[in-house]
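K.L.:
Numbering (our numbering), first residue to last: 337 to 553.
#1: Would you decide whether residue 531 is buried or exposed? Buried here means 16 or more other CB atoms lie within 10 Å of its CB.
#2: When the distance is taken between beta carbons, is residue 374 closer than 8 Å to residue 354?
#3: Residue 537 and residue 384 look like a contact to me (Cβ under 8 Å); what is the Cβ gap, rounded to whole Å?
#4: Is it true that the stretch 489 to 503 meets the stretch 452 to 463, where meeting means three or more beta-carbon pairs spaced less than 8 Å apart?
#5: Can you tell me the Cα-Cα spacing of residue 547 and residue 483, whole angstroms?
#6: Residue 423 to residue 407, Cα distance in whole Å?
#7: In angstroms, rounded to a whole number, what distance separates the CA positions of residue 476 and residue 469?
#8: Go to residue 429, then tell me how far its beta strand (DSSP E) extends in each direction, as first and last residue.
#9: Is the Cβ-Cβ distance between residue 372 and residue 349 less than 8 Å?
#10: What residue range is occupied by the uninterrupted alpha helix (DSSP H) comprising residue 477?
#11: Let me know the secondary structure DSSP gives residue 520 once reduced to three states.
#12: Please look up how many angstroms separate the CB atoms of residue 464 and residue 432, rounded, as I've assumed it's under 8 Å.
#13: Report all residues from its chain with a CB closer than 7 Å to the CB of residue 394; omit the five preceding and five following residues, and keep chain order.
#14: For the putative contact between residue 352 and residue 425, defined by C-beta atoms under 8 Å, what is the C-beta separation to the nearest angstrom?
#15: Here's the rule I'm using: 16 or more other beta-carbon atoms within 10 Å means buried, otherwise exposed. How should residue 490 be labelled?
#16: Comparing C-alpha positions only, which one of 520, 549, 405, 514 sits nearest to residue 535?
#17: How many angstroms separate the CA atom of residue 391 from the CA atom of residue 421?
#18: Enumerate in chain order the residues of its own chain whose CB-to-CB distance from residue 551 is below 7 Å, with the five nearest sequence positions on each side excluded.
#19: Check the DSSP bridge columns for residue 382 and list the partner residues they point to.
#20: Could you give the first and the last residue of the continuous alpha helix (DSSP H) run that contains residue 397?
#21: Pull up the CB-CB distance for residue 442 and residue 501, whole angstroms please, since I reckon it's below 8 Å.
#22: Under DSSP, the alpha helix (DSSP H) around residue 375 begins and ends at which residues?
#23: Thinking C-alpha only, which one of 376, 522, 503, 396 is nearest residue 448?
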């Protein structure tokens, strides 16, 4: 999904609203060094994946749902503790891991994480992140995604269990964090590293130009 949008004077955009509670995404947005103030607000959304969606459609639709939920809250004046207004630009992202055409969800237990990492060891998987930019007043939307290929090292059950025991697998797509101890598990990567962390910053920077918002300002 990639909708054509209007050009904006960035002075008319009051702030960027990151629709995510992820500290990693917050840190990556900070690297853009925007002239706009950045606020953080996220809402629980329905993350049901439709059977007919491809992996790219999945991340795009889920990121769009997150951005839309925040926009609706802004327009309904539901965000009472924040100084959001209708000229906010909302940024939302969703990341999934795909192995052998299967979308791997976030694991819910230690054994589930071990099983997931055992499936991935010695193989290449794909990490996809969908990114949505949504202007809260006009509803103008831009949705894109990026794919990174990651190959895992051949790993023993003992190493996998030791890694899972660190707690780093919890609440992560693919049950590992490449920016942490999970880097030990990775043999090679083709594509955007930050996409695997959770936000492809170069793609976001490019998308922001469509709203006349420049980075490194």
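From the three backbone atoms N, C-alpha and C, an ideal C-beta is built for every residue, glycine too. Since the model is a prediction, treat every value here as computed from it, not as a measurement.
P.N.:
Well, looking at it:
#1: With 16 or more other Cβ atoms inside 10 Å of its own Cβ, residue 531 counts as buried.
#2: A contact, by the Cβ cut-off of 8 Å.
#3: Actually they do not touch by this definition, with Cβ atoms about 28 Å apart.
#4: The stretch 489 to 503 and the stretch 452 to 463 touch, with no fewer than 3 CB-CB distances between them shorter than 8 Å.
#5: Whole-angstrom Cα-Cα distance: 23 Å.
#6: Between the alpha carbons of residue 423 and residue 407 lies a gap of roughly 10 Å.
#7: About 8 Å.
#8: Note, residue 429: beta strand (DSSP E), 424 to 435.
#9: With contacts defined by Cβ atoms closer than 8 Å, residue 372 and residue 349 form a contacting pair.
#10: That residue, residue 477, is in no alpha helix (DSSP H); its beta strand (DSSP E) goes 477 to 488.
#11: Residue 520: helix per DSSP, three-state reduction.
#12: Right, the Cβ-Cβ distance comes to about 5 Å (below 8 Å), so this counts as a contact.
#13: 385, 432, 439.
#14: With a Cβ gap of about 5 Å, residue 352 and residue 425 count as contacting.
#15: Of the residues assessed, residue 490 falls on the exposed side of the cut-off, its CB having fewer than 16 other CB atoms within 10 angstroms.
#16: Residue 535 has its Cα closest to that of 514, out of 520, 549, 405, 514.
#17: For residue 391 and residue 421, the distance between alpha carbons rounds to 33 Å.
#18: Only 368, 369, 370, 541, 544 meet the Cβ criterion.
#19: According to DSSP, which records beta bridges pairwise, residue 382 is partnered with nothing at all.
#20: Counting along the chain, residue 397 sits inside the alpha helix (DSSP H) bounded by residues 391 to 411.
#21: Between residue 442 and residue 501 a beta carbon distance of about 18 Å is seen, past the 8 Å cut, so the two are scored as non-contacting.
#22: That residue, residue 375, is in no alpha helix (DSSP H); its beta strand (DSSP E) goes 374 to 376.
#23: Looking at the Cα atoms, 503 is the closest of the given residues.
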